[in-house]
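Encoded as structure tokens, the structure appears first; notes follow it.
2 protein chains.
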Amino acid sequence: MQKGKEICEITYIDRKKVSAVKKRMKPETTMQRLAETFKVLGDPTRTKMIFALSLEELCVCDIANLLGATKSAVSHQLRILRNMKLVKYRKEGKMAFYSLDDDHIKNLFDEGLRHVKGE
Amino acid sequence: MQKGKEICEITYIDRKKVSAVKKRMKPETTMQRLAETFKVLGDPTRTKMIFALSLEELCVCDIANLLGATKSAVSHQLRILRNMKLVKYRKEGKMAFYSLDDDHIKNLFDEGLRHVKGE
DNA sequence: ATTATAGTTGAATAATTGTTCAATCATTTT
DNA sequence: AAAATGATTGAACAATTATTCAACTATAAT
Numbered sequence: 001m002q003k004g005k006e007i008c009e010i011t012y013i014d015r016k017k018v019s020a021v022k023k024r025m026k027p028e029t030t031m032q033r034l035a036e037t038f039k040v041l042g043d044p045t046r047t048k049m050i051f052a053l054s055l056e057e058l059c060v061c062d063i064a065n066l067l068g069a070t071k072s073a074v075s076h077q078l079r080i081l082r083n084m085k086l087v088k089y090r091k092e093g094k095m096a097f098y099s100l101d102d103d104h105i106k107n108l109f110d111e112g113l114r115h116v117k118g119e
Numbered sequence: 001m002q003k004g005k006e007i008c009e010i011t012y013i014d015r016k017k018v019s020a021v022k023k024r025m026k027p028e029t030t031m032q033r034l035a036e037t038f039k040v041l042g043d044p045t046r047t048k049m050i051f052a053l054s055l056e057e058l059c060v061c062d063i064a065n066l067l068g069a070t071k072s073a074v075s076h077q078l079r080i081l082r083n084m085k086l087v088k089y090r091k092e093g094k095m096a097f098y099s100l101d102d103d104h105i106k107n108l109f110d111e112g113l114r115h116v117k118g119e
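This is how it looks when you write it as structure tokens:
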């Protein structure tokens with residue numbers, strides 16, 4: 001029996017394998033940012049927004065109409081994408097036209113798409 | 001002023017652009033699965049687990065030790081990854097050895113890694 | 001100037017989710 | 001058969017989060 005945090009460090013650990021993996025493990029901050037990137041893409045609304053913006057530059061109203069969402073909801077999500085540097089925007093009068101910040105993210109997106117389509 | 005759901009379908013929508021995007025939009029189910037895939041990768045614990053399993057076949061206890069997490073927490077997350085067909089396992093005695101289900105997911109992961117590393 | 005509209009923002013709410021705890025299952029060892 | 005251990009599971013809890021609502025800003029048009 002164990003006491004306390006019950007972190008598994010008992011008998012059947014293959015210490016050689018574990019320490020080998022530990023050595024090759026990416027830094028904590030890298031993993032955090034990687035997880036965060038995936039998380040941002042992991043919401044259906046944002047997923048669709050990214051896809052739409054990969055096709056066309058669109059204003060907030062366009063996106064809202066496209067997704068059947070309120071402008072407010074879209075604007076909130078756009079801020080998240082902006083903070084993550086995934087989208088950029090250009091102001092023209094009262095309107096804000098959004099587009100992907102780089103098409104680097106497009107690669108990631110397409111790789112994901114290829115995955116769900118099963119190869 | 002508008003009433004009701006306040007879905008933006010008013011004046012300044014570029015209907016041509018919007019309907020063009022709508023036409024090229026992937027089916028709802030595809031988008032849902034894509035979002036779900038990203039979401040699963042979007043948790044630090046699972047991100048690390050995937051990475052570790054991309055290097056070595058590991059048992060639950062190894063993973064728990066590696067991440068400093070409880071067996072229970074790891075097992076819960078492994079079930080999620082199993083359900084998404086991202087990992088598979090093989091039983092040997094009382095132990096369960098986990099590995100990636102296909103290395104297809106590895107591509108997606110590496111593309112993400114390339115992204116956070118800035119190119 | 002007043003009105004209308006595109007967009008943003010903060011607070012509140014509801015839903016989702018990751019971890020812990022305790023109990024349980026299954027297999028091995030004594 | 002009993003004890004020990006790797007693993008799984010369900011319930012409970014805390015934290016996070018997506019959406020809504022209302023208020024607000026800024027620009028444009030009358």
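Which chain is which? The protein sequence lines are A and B, in order.
With our numbering, the residue at position 61 of the first sequence is 61, and numbering never jumps.
With our numbering, the residue at position 14 of the second sequence is 14, and numbering never jumps.
Cβ coordinates follow ideal geometry from the N, Cα and C atoms, glycine included.
Legend entry - Proximity of valine 18(B) and leucine 100(A) at Cβ, strictly below 8 Å: Taking the second sequence and counting its residues from 1, the one referred to as residue 18(B) is at position 18. Taking the first sequence and counting its residues from 1, the one referred to as residue 100(A) is at position 100. In this structure, leucine 100(A) does not lie closer than 8 Å to valine 18(B) by Cβ.
Legend entry - Between the CA atoms of leucine 108(A) and leucine 108(B) - distance to the nearest angstrom: To locate residue 108(B), count along the second sequence from 1; it is residue 108. To locate residue 108(A), count along the first sequence from 1; it is residue 108. Leucine 108(B) and leucine 108(A): Cα-Cα distance of roughly 7 Å.
Legend entry - Backbone CA spacing between asparagine 83(B) and histidine 76(B) [nearest angstrom]: In the second sequence, counting from the first residue as 1, residue 83(B) sits at position 83. In the second sequence, counting from the first residue as 1, residue 76(B) sits at position 76. If you take the alpha carbons of asparagine 83(B) and histidine 76(B), they lie about 11 Å apart.
Legend entry - Proximal residues to lysine 5(B) (C-beta, below 7 Å), its chain only, five neighbours per side dropped: Locating residue 5(B) in the second sequence gives position 5, where the first residue counts as 1. Confidence at lysine 5(B) is low in this model, with a pLDDT of 43, below 50, so the placement of that residue should be treated as unreliable; the coordinate-derived value is given next. Scanning its chain for C-beta atoms nearer than 7 Å, with the 5 sequence neighbours on each side dropped, one finds no residue around lysine 5(B).
Inset, instruction - Could you tell me the distance, in whole angstroms, from the CA atom of lysine 121(B) to the CA atom of cysteine 59(B)? - result: The structure shown does not extend to residue 121(B), since chain B spans only 1 to 119, so no value can be given for it.
Legend entry - Test item: CB-CB of threonine 30(A) and valine 116(B) under 8 Å: Reading the first sequence from its first residue, position 30 is the one you call residue 30(A). Reading the second sequence from its first residue, position 116 is the one you call residue 116(B). Yes, the pair counts as a contact, with Cβ atoms nearer than the cut-off.
Legend entry - Heavy atom of the ligand FAD within 7 Å of phenylalanine 51(A) beta-carbon: The model depicted lacks the ligand FAD and carries no ligand whatsoever.
Inset, instruction - Return no unless some Cβ of chain B is closer than 8 Å to the Cβ of aspartate 43(A). - result: Here residue 43(A) refers to the residue found at position 43 when the first sequence is read from its first residue. Yes, aspartate 43(A) counts as interfacial toward chain B.
Inset, instruction - Measure from the C-beta of asparagine 65(A) to each C-beta in chain B and report whether the shortest distance is under 8 Å. - result: The sequence position of residue 65(A) within the first sequence is 65, counting from 1. Closer than 8 Å to some Cβ of chain B, the Cβ of asparagine 65(A) qualifies, so yes.
Inset, instruction - Just mark arginine 33(B) as buried or exposed, buried being the case when its beta carbon has 16 or more other beta carbons within 10 Å. - result: Here residue 33(B) refers to the residue found at position 33 of the second sequence. So arginine 33(B) counts as buried.
Legend entry - 7 Å Cβ shell around threonine 47(A) - same chain, five flanking residues per side excluded: Counting from one through the first sequence, the residue named residue 47(A) turns up at place 47. Around threonine 47(A): Leu41.
Legend entry - Cβ pair leucine 113(B), tyrosine 98(B) closer than 8 Å: By 1-based counting over the second sequence, the position of residue 113(B) is 113. By 1-based counting over the second sequence, the position of residue 98(B) is 98. Against a cut-off of 8 Å, the Cβ pair of tyrosine 98(B) and leucine 113(B) comes out as no contact.
Legend entry - Cβ-based neighbour list, alanine 73(B), same chain, cut-off 8 Å, excluding 5 preceding and 5 following: Start at 1 with the first residue of the second sequence, and residue 73(B) comes out as number 73. These residues qualify, in order along the chain: Thr45 and Ala64.
Legend entry - Chain-ordered neighbours of asparagine 107(B) on chain A, where CB pairs are closer than 9 Å: Reading the second sequence from its first residue, position 107 is the one you call residue 107(B). Within chain A, the residues whose beta carbon sits less than 9 Å from that of asparagine 107(B) are Glu111, Arg114 and His115, listed in sequence order.
Legend entry - The beta strand (DSSP E) enclosing leucine 100(B), as first and last residue numbers: The residue given as residue 100(B) occupies position 100 in the second sequence. Element bounds for leucine 100(B): 95-100.
Inset, instruction - Anything in chain B within Cβ reach of valine 18(A), meaning under 7 Å, just list it in chain order. - result: Working through the first sequence from its first residue, we reach residue 18(A) at position 18. Correct list: Asp62, Asn65 and Leu66.
Inset, instruction - Pick helix, strand or coil for lysine 85(B), following the three-state DSSP scheme. - result: By one-based count along the second sequence, residue 85(B) stands at place 85. In the structure shown, lysine 85(B) sits in coil (DSSP, three-state: anything other than H, G, I, E or B).
Legend entry - Within chain B, partners of methionine 131(A) - CB distance below 9 Å: This structure cannot settle anything about residue 131(A), because the visible part of chain A is limited to 1 through 119.
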